[in-house]
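Each number in the working numbering corresponds to the 1-based position in the sequence shown with 745 added.
For each residue, glycine too, the CB sits at the ideal point set by N, CA and C.
What follows is a single structure, written as structure tokens, with notes after it.
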Amino acid sequence: FAAEKPGELMKVTMSDQDAKSWFGVVPPDLTLTARSRGPDWIYTYLRGFYRDESTATGWNNTLYPNVAMPHVLYEWEGMRKATYETSADDTKLLVGFEQLNSGTMSAQEYDSAIRDLTNFMVYLAEPAKLVRYRIGFWVMVFMLVFVGLSYLLKKEYWRDVH
């Protein structure tokens, strides 16, 4: 199908120049963001999009205000608008969302899909993590055996001293 080998890294099909002209900035790699900020941040970020006509893309995010990334999964979730409440000091507080139209998935299906997508991005960020955990278990077993043998050897050496 392509000239790439199965073990090669995925390449972005969008050039940096196109991204700057379409979104104003080059979008970040969300797998690296998953590695640096964690899966909870990615999950909340993907769940926080809402319709906002005042932005260039028409979308905004509760976690990352004025984000340049459009909501690419809006067909699954449907469009929703943020509802605000004004506090005593004239600060707008997010109260919730008003669903403008329904998506192709129910709320539970969408949450499950976002959870799966988040876990996949976390895995893509560092696939060697699973191998590291497996090796780490055996290193800990070795260390416990080594400490036990060292203690027995210490007892044997110090038996003649006391």
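- C-alpha of lysine 750 to C-alpha of methionine 866: approximately 21 angstroms in a straight line.
- Under the three-state reduction of DSSP output, glutamate 901 falls in the helix class.
- By the neighbour-count definition (other C-beta atoms within 10 Å, threshold 16), asparagine 805 is a buried residue.
- According to the DSSP assignment, threonine 836 belongs to no beta strand (DSSP E), since it is labelled neither H nor E.
- Distances from the CA of glutamate 822 to each of Arg796, Thr831, Met885 were compared; the closest alpha carbon is that of Arg796.
- Contact between the segment 871-882 and the segment 851-861 is not established, with fewer than three Cβ pairs separated by less than 8 angstroms.
- If one requires a minimum length of 4 residues, the alpha helix (DSSP H) runs lying completely within the segment 749-801 are 761-768, 775-782, 784-792, in chain order.
- When the five nearest sequence neighbours on each side are left out, the beta carbons in the same chain lying within less than 8 angstroms of the beta carbon of lysine 837 are those of Tyr829, Glu830, Thr831, in order along the chain.
- Taking the Cα of leucine 869 as reference, the smallest distance to any Cα among Glu798, Pro784, Tyr790 is reached at Pro784.
- Relative to the Cα of glutamate 843, the nearest Cα in the group Asp835, Ala827, Pro773 belongs to Ala827.
- When the alpha-carbon of threonine 863 is set against those of Pro815, Val890, Leu775, the nearest one is in Leu775.
- Per DSSP, asparagine 806 is not a residue of any alpha helix (DSSP H); the beta strand (DSSP E) it occupies stretches across 804-806.
- Sequence-distant Cβ neighbours of tyrosine 902 in its own chain, meaning closer than 6 angstroms and more than five residues away, do not exist here.
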